[in-house]
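Numbering (numbering that gives the first Met the number 0) for the sequence shown: 0 to 91.
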Amino acid sequence: MSQKTKAEELEALAAARWRVAAVLTTAMLISYFGFILLVAFDKPLMGKQITPGLSLGILLGALVIASAWVFTGIYVLWANHRYDKALHQFRR
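Encoded structure:
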């Protein structure tokens, strides 16, 4: 087995970052557009009361916002623990 060249290592690192970003972006788009489509095409479901003053639509809207924070946190954790460490080792 031959060792990877620096260019190959950097290319693999960039590809990994792209994959993580693409997966998280796709997850966010699915959650956002899924919510919007439910609002547009299933108003009775979104208007269903879970508790007095809280409808399913409000709850799902809050979850979409929370999911953006969660996906951002996942990316930051991944970048801090994997990407930045690998990039730092590459620079040495």
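Just so you know, even glycine gets a beta-carbon here, dropped at the ideal spot from N, CA and C.
What residue range does the alpha helix (DSSP H) around Thr71 cover? Position 72 of the sequence shown, counted from the first residue, corresponds to residue 71. Per DSSP, Thr71 belongs to the alpha helix (DSSP H) from 55-77.
For Ala21, which option in Phe89, Phe40, Thr71, Leu58 has the closest C-alpha, if you only look at C-alpha atoms? Translated into the one-based positions of the sequence shown, residue 21 becomes position 22. Nearest option by C-alpha distance: Thr71.
Counterpart residues of Arg48 in DSSP-defined beta bridges: For the purposes of this step, residue 48 is identified with residue 49 of the sequence shown, where counting begins at 1. It should be noted that the sequence gives Gln, not Arg, for residue 48. In DSSP, Gln48 forms a bridge with Ser54.
Measuring alpha carbon to alpha carbon, tell me which residue in Lys3, Gly56, Glu7 is nearest Lys42. Here residue 42 refers to the residue found at position 43 of the sequence shown. Checking every option, the nearest Cα to that of Lys42 belongs to Gly56.
Out of His87, Ser30, Leu76, Asn79, which one is the CA nearest neighbour of Gly60? Taking the first residue of the sequence shown as position 1, residue 60 is located at position 61. Ranking the options by Cα distance to Gly60, first place goes to Ser30.
Find the nearest neighbour of Ile64 within the set Glu10, Trp17, Phe32, judged by alpha-carbon distance. Sequence index remark: in the sequence shown, residue 64 carries index 65 (1-based). The option with the nearest alpha carbon to Ile64 is Phe32.
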